[in-house]
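Asker:
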Amino acid sequence: MAKKVSMQDIADALNISKNSVSQALSGKPGVSEATRRLVEKTAQEMGYSVRKSSVSAGVVGSGTGSIGLIASDYAFSLKSFFGEIYLSVEKEVTERGMNLLIQSINTVARDNLVLPSFIAEGKVDGVLILSHISTEYSNAVIATGIPTVIIDHHHPLIQADAILTNNRFGAYTAVKHLIELGHRNIAYVGNVRLSPSYQERLEGYRLALQEHGIELNEEFVFSDVLEDDQDVTRLVQGLDVQPSAWFCVNDGFGFFVRSALQQHGIAVPGEASVCSFDNGMLSRLSTPKITTMNIDLELYGRKAVEQLTWRMHYKDEPIIELLLPAELIVRESTAKR
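Residues 2 to 338 (the working numbering) are what the sequence shown spells out, left to right.
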């Protein structure tokens with residue numbers, strides 16, 4: 002008598018987990034549409050008995066089969082960062098057999114809490130909010146009852162799932178790199194009012210100094226600087242004592258700091274090291290290229306759609322914030338003290 006094929010047998014054949022097989026065969030979220038189809042095909046070939054009602058229909062329940070993606074005009078203009086996340090979202094949505102509806106939110110719509118028609122009229126099964134629009138606007142979307150996930154933003158007053166960078170640990174890693182190169186006078190530069198990410202990166206900076214026995218010099222904490230070449234240049238040229246290293250909250254600040262230092266006759270990295278965050282185009286175009294923390298933007302989009310699909314099934318589960326890691330990329334802008 003032939004052995005009955007189990008989910009574990011299918012998992013072993015495909016070198017995936019039994020849980021992934023179960024998710025694929027039951028139609029639950031957590032696996033890509035390509036994986037779902039492969040599992041179903043393998044199960045059929047191996048003679049696994051699948052109840053007809055268990056096989057995925059490709060969309061969530063009997064809903065619209067569409068999800069919405071919204072962001073501010075400003076966020077959509079940052080093509081090198083949020084544009085890559087959008088492309089990843091689009092790819093993942095398509096692979097799951099759903100449609101993606103997109104709309105930018107201008108300042109008038111934001112201030113008057115005017116929602117896109119596909120949200121106001123309930124024409125989507127879920128909503129992705131890309132970055133920060135406003136707390137009031139995000140809560141207006143959530144108040145419709147449509148499952149919502151926010152990408153790269155969170156706030157204590159916004160009760161929605163969020164996909165975030167582990168900013169504290171990323172900043173800690175960057176500053177630890179500078180410390181291991183022998184730097185002790187390390188500056189922080191950014192604008193914490195613009196984003197909770199920048200505040201969290203300041204906390205990671207402080208933690209790295211503290212754990213390595215370096216007393217924090219508040220004169221080197223520049224937490225309200227405009228991301229502007231003239232503002233950064235005035236800052237650098239106005240210092241009586243120059244730090245030997247700079248931790249910048251993003252690549253824009255890193256680029257401006259590197260430029261300002263060189264204009265001021267300070268060689269990078271010979272006399273001052275510069276480390277930034279995001280691994281954007283500016284860090285790669287800079288001369289020298291800037292050491293930075295890389296964010297996997299493709300993973301951002303994939304995890305956002307995965308979480309939203311899960312939330313569409315489990316609307317009453319507790320709010321989840323998923324922290325994605327950042328990876329140090331060492332380039333020419335940092336060197337031993």
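Each residue gets a CB set at the ideal place from its N, CA and C atoms; glycine is no exception.
On the criterion of 16 or more Cβ atoms from any shown chain inside 10 Å, does residue 294 qualify as buried, or is it exposed?
Answerer: Burial call: buried.
Asker: With DSSP as the reference, label residue 20 as helix, strand or coil.
Answerer: helix
Asker: Judging by CA-CA distance, which residue of 109, 123 and 145 is the nearest neighbour of residue 134?
Answerer: Looking at the Cα atoms, 109 is the closest of the given residues.
Asker: Evaluate the contact criterion for the region 109-119 versus the region 89-99: three or more CB pairs, one atom per stretch, below 8 Å.
Answerer: no
Asker: Where residue 192 and residue 279 are concerned, what is the direct C-alpha to C-alpha distance, given to the nearest angstrom?
Answerer: 15 Å
Asker: Let's see if you can read the secondary structure: which residues bound the beta strand (DSSP E) around residue 262?
Answerer: Looking at the DSSP string, residue 262 is not in any beta strand (DSSP E); the run it does join, the alpha helix (DSSP H), is 252-264.
Asker: Determine the burial state of residue 13: buried for a count of at least 16 other Cβ atoms within 10 Å of its Cβ, exposed for fewer.
Answerer: exposed
Asker: Extract the residue ranges of the alpha helix (DSSP H) inside the region 117-202, only unbroken runs of 4 or more that lie entirely within it.
Answerer: 118-121, 136-143 and 168-181
Asker: DSSP on residue 328, reduced to helix/strand/coil?
Answerer: Here residue 328 carries a strand assignment [DSSP, helix/strand/coil].
Asker: How about residue 255 and residue 291: are their beta carbons less than 7 Å apart?
Answerer: yes
Asker: With a CB to CB cut of under 6 Å and the five nearest residues on each side skipped, what residues in its chain are close to residue 326?
Answerer: 167
Asker: Using CA coordinates, which residue listed in 336, 49, 18 and 128 is at the minimum distance from residue 150?
Answerer: 128
Asker: As a quick exercise: from 271, 171 and 146, pick the residue whose alpha carbon is nearest that of residue 251.
Answerer: 171
Asker: Looking only at C-alpha atoms, which of 89, 269 and 47 sits nearest to residue 305?
Answerer: 89
Asker: Got a sec, what are the start and stop residues for the alpha helix (DSSP H) residue 73 sits in?
Answerer: Premise fails: residue 73 lies in the beta strand (DSSP E), 67-73, not in any alpha helix (DSSP H).
Asker: Below 8 Å, how does it come out for the region 310-317 and the region 151-158: are there three or more Cβ pairs, yes or no?
Answerer: Three or more Cβ pairs closer than 8 Å define a contact, and the region 310-317 falls short of that threshold against the region 151-158.
Asker: How long is the line joining the alpha carbons of residue 21 and residue 42, rounded to whole angstroms?
Answerer: 14 Å
Asker: Checking the sheet assignment: what are the DSSP bridge partners for residue 247?
Answerer: Residue pairing for residue 247: DSSP places it in a beta bridge opposite 188 and 275.
Asker: Would you check if the distance between the CB atom of residue 6 and the CB atom of residue 69 is smaller than 7 Å?
Answerer: no
Asker: How close, in whole Å, do the beta carbons of residue 336 and residue 182 come, if the pair is a contact with beta carbons under 8 Å?
Answerer: 7 Å
Asker: Considering only residues of the same chain and omitting the five flanking positions on each side of residue 329, which have a CB-CB separation below 7 Å?
Answerer: For residue 329, where only same-chain residues beyond five positions count, the Cβ hits under 7 Å are 174, 175, 178 and 294.
Asker: Using DSSP with H/G/I as helix, E/B as strand and the rest coil, what is residue 103?
Answerer: strand
Asker: Tell me which residue opens and which closes the beta strand (DSSP E) that residue 293 is part of.
Answerer: 292-296
Asker: Is it right to say residue 205 is buried, meaning 16 or more other beta carbons lie within 10 angstroms of its own, or is it exposed?
Answerer: buried
Asker: Pairing CB atoms from the region 228-239 with CB atoms from the region 198-217, are three or more of them under 8 Å?
Answerer: no
Asker: On a Cα-Cα basis, can you pick out the residue from 253, 15 and 265 that is closest to residue 241?
Answerer: Cα-wise, what sits closest to residue 241 is 265.
Asker: Flag this pair as yes or no: are the beta carbons of residue 86 and residue 298 separated by less than 7 Å?
Answerer: Yes, the Cβ-Cβ distance between residue 86 and residue 298 is below 7 Å.
Asker: Among 253, 169, 36 and 221, which one has its Cα closest to the Cα of residue 239?
Answerer: 221
Asker: Report back the beta-carbon spacing between residue 190 and residue 249 to the nearest angstrom; my notes put them in contact at under 8 Å.
Answerer: 5 Å
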